[in-house]
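Numbering (this note's numbering), first residue to last: 2 to 486. For glycine and all other residues, C-beta sits at the position ideal for the given N, C-alpha and C.
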């Protein structure tokens, strides 16, 4: 007899009932909803909130192994250290392409012809100018406002200027119809968002310094225009350093997309409600704001500053092993070997340092890199340098303030967010709102108790914290007054 025939399916036997289920395997994945068919009678005394009779739920805290969408955009092999945009290795794109060409690739699926690229570049740069009222928005922020807070607010505010971009006003099929008019409207918003991203970032930078805003120049590349808007004062024929513009262009390319990271997932979660793209991008910006995501390269510099000189590195490494210190810039949620982008960024660093001079933290960083790469503790835990380790040093050498680092991440990532948003809007079968399940472990049904009959539930995390009042707040508490009716 020959070997039994194999099928692309998973056979599951539920020992509670003795029933067997066959679940199809498609693209090496199984449908989580298939487990809803695996039902069992509720046991005696079992919590009704388990919903056992309604089928199994799949628990996956933090989306460690849950696929929520079918995508053709970015592929990552974390075990092999591979990153590809639309099939193209990141190494080839970083050395042969540029940011806007790669943006076209990510959004539309193919590298553009000369005429296609010229048209795309023209539209993006032409849509970089903001409504003059936007200046009032930025001037309303505190002098010390974090630039990412300004960026998040500004992206959301942009949506209020374009009523034709809002499905709440134009109908919920505005972006999902897939006809030429709908796609043209979608692409116009894409041009606007990519074009205005650098303008918003430059305004967030200059408002902190009390400088007047600069209109986007004509005849300059994407990152060159960005640097111009940030730094130009009253000089004639001002032209940013081509070395810095090129380095920033490659860094933007490397940060343009990274599959379903936290911020991209946030954009899609928000976008699934069919909100306008400006609001969706604002939520991505808010997600990127977090220190576990867009603030990682800033954390690297703060770590290196805390270490100080190279002679302090060995003691710091030992403190990391004892879990007394946090190591930033090493390891990655996806990559279990070296981050392929880190090698490219290291090469960029050398080019930048040639014109800016070596950063005073470079020797400390290089020694930390050397020790970590040869220490069994880090090797065993697969803690190799990631893209944030070197990019922070480059941004610092280029003169960007630490709290502006996440902005330099957000501007290029707008492209990736838009690519995934556009793909979701045009996917077969339309858009369904994302609604994850939960596993409820709280109290069962209980009856309301009047306030005079309740027992106090007190303790840490079980009641509001006591807040210390000072200054005017404290004086107001001590004052006597009568409320006006």
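Between residue 331 and residue 385, the beta carbon gap of about 7 Å places them in contact (Cβ cut-off 8 Å). The Cβ-Cβ distance between residue 275 and residue 168 falls below 7 Å.
Between residue 26 and residue 15, the gap from beta carbon to beta carbon reaches 7 Å or more.
For residue 347, the three-state secondary structure derived from DSSP is helix. By the Cβ criterion, the stretch 427-441 is in contact with the stretch 265-273, since at least three pairs of Cβ atoms, one from each stretch, lie closer than 8 Å. Between residue 340 and residue 387, the C-beta spacing is below 7 Å. The beta-carbon distance between residue 420 and residue 107, rounded to whole angstroms, is 4 Å. This is short enough to meet the 8 Å contact definition. At a cut-off of 4 residues, the continuous stretches assigned as alpha helix (DSSP H) that sit fully inside the stretch 62-146 are 91-97, 100-109, 115-127 and 135-140. With a 10 Å radius around the Cβ and a threshold of 16 neighbouring Cβ atoms, residue 226 comes out buried.
Taking all protein chains in view, the Cβ of residue 128 is crowded by 16 or more other Cβ atoms within 10 Å, so the residue is classified as buried. With fewer than 16 other CB atoms across the displayed protein chains lying within 10 angstroms of its CB, residue 478 is exposed. Here the C-alpha atom of residue 457 lies approximately 15 Å from the C-alpha atom of residue 466. Taking 4 residues as the shortest admissible run, the stretch 147-185 contains the following complete alpha helix (DSSP H) segments, listed from N- to C-terminal end: 148-159 and 168-171. The DSSP-derived three-state label of residue 455 is coil. Residue environment: residue 398 is assigned as buried (16 or more neighbouring CB atoms within 10 Å of its CB, all protein chains considered).
Between the C-alpha atoms of residue 207 and residue 369 there is a straight-line separation of about 34 Å. In this structure, residue 125 lies away from residue 220, with their beta-carbon atoms at least 7 Å apart. Per DSSP, residue 381 is not a residue of any beta strand (DSSP E); the alpha helix (DSSP H) it occupies stretches across 377-381. The shortest CA-to-CA distance from residue 401 to any of 429, 360 and 367 is the one to 360.
Per DSSP, the beta-bridge partners of residue 23 are 12.
By the Cβ rule, the stretch 370-377 counts as touching the stretch 312-332, because three or more pairs are nearer than 8 Å. In the three-state DSSP reduction, residue 467 falls in the coil class, being neither helix nor strand. In the three-state reduction of the DSSP assignment, residue 214 falls in the coil class.
Rounded to the nearest angstrom, the Cβ distance from residue 278 to residue 166 is 7 Å, consistent with a contact under 8 Å.
For residue 390, the enclosing alpha helix (DSSP H) has its first and last residue at 388-398. The beta carbon of residue 284 sits closer than 7 Å to those of 267, 268 and 271, all from its chain and outside the five residues before and after it, given in chain order.
Taking the CA atoms as reference points, residue 123 sits about 11 Å from residue 101.
For the pair of segments examined, the stretch 70-81 was found to touch the stretch 257-264: the number of CB pairs separated by less than 8 Å reaches three.
Taking each of 231, 345 and 413 in turn and checking the Cα distance to residue 295, the smallest one comes out for 413. Annotation: residue 148 to residue 451 spans about 48 Å, alpha carbon to alpha carbon.
No Cβ-Cβ contact shorter than 7 Å links residue 480 with residue 152.
By the CB criterion at 7 Å, residue 321 and residue 389 fall outside the cutoff.
A straight-line Cα-Cα distance of about 11 Å links residue 133 and residue 139.
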